[in-house]
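Engineer: Let me give you the structure first, and then I'll get to my questions.
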Amino acid sequence: REEAMREGIEKGKEEGKLEGKREGKLEGEKEFAIKILSRRFGKELTEELKEKIRNTDEKTINYIGDNLLEITIDELKEILK
């Protein structure tokens with residue numbers, strides 16, 4: 023019984039570590055996208071748009087990341103609505 027409890031705790035710790043790594047990776051991808059898009063669009067990439075990128079979901083940031091060099095400012099605004 024104690025062994026099962028210990029195993030459950032260890033499993034929970036491992037899952038927490040993996041989730042933390044995933045969230046950290048996603049955060050890094052968002053900041054990288056902001057950096058590149060800031061260079062491309064300058065002042066057109068407003069603080070509001072940057073905040074929307076920081077708060078967007080994984081699917082959207084993956085799309086933005088895959089299209090960093092082609093995406094237009096209008097398309098970016100549209101997908102971040």
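Everything in the sequence shown is counted per the working numbering, starting at 23 for the first residue and increasing by one. Quick reminder that beta carbons are idealized off the backbone N, C-alpha and C, glycines included.
Does the segment 81-88 touch the segment 48-63, meaning 3 or more C-beta pairs lie closer than 8 Å?
Structural biologist: The segment 48-63 is in contact with the segment 81-88.
Engineer: Helix, strand or coil: which one does DSSP assign to E92?
Structural biologist: Of the three classes helix, strand and coil, the one that applies to E92 here is coil, per DSSP.
Engineer: Comparing alpha-carbon positions, which option in E92, L90, D79 lies nearest L102?
Structural biologist: Ranking E92, L90, D79 by Cα distance to L102 puts D79 first.
Engineer: Sort E70, R23, F63 by Cα distance to L90 and report the nearest one.
Structural biologist: Among E70, R23, F63, the Cα nearest to that of L90 is on F63.
Engineer: Can you name the start and end residues of the alpha helix (DSSP H) that L59 belongs to?
Structural biologist: 24-63 is the span of the alpha helix (DSSP H), which, as asked, contains L59.
Engineer: Quick one: grab the DSSP three-state call for K81.
Structural biologist: Looking at K81 - three-state DSSP - the assignment turns out to be helix.
Engineer: Taking E92 as the reference, which of E29, I75, I58, E37 has the closest Cα?
Structural biologist: Among E29, I75, I58, E37, the Cα nearest to that of E92 is on I58.
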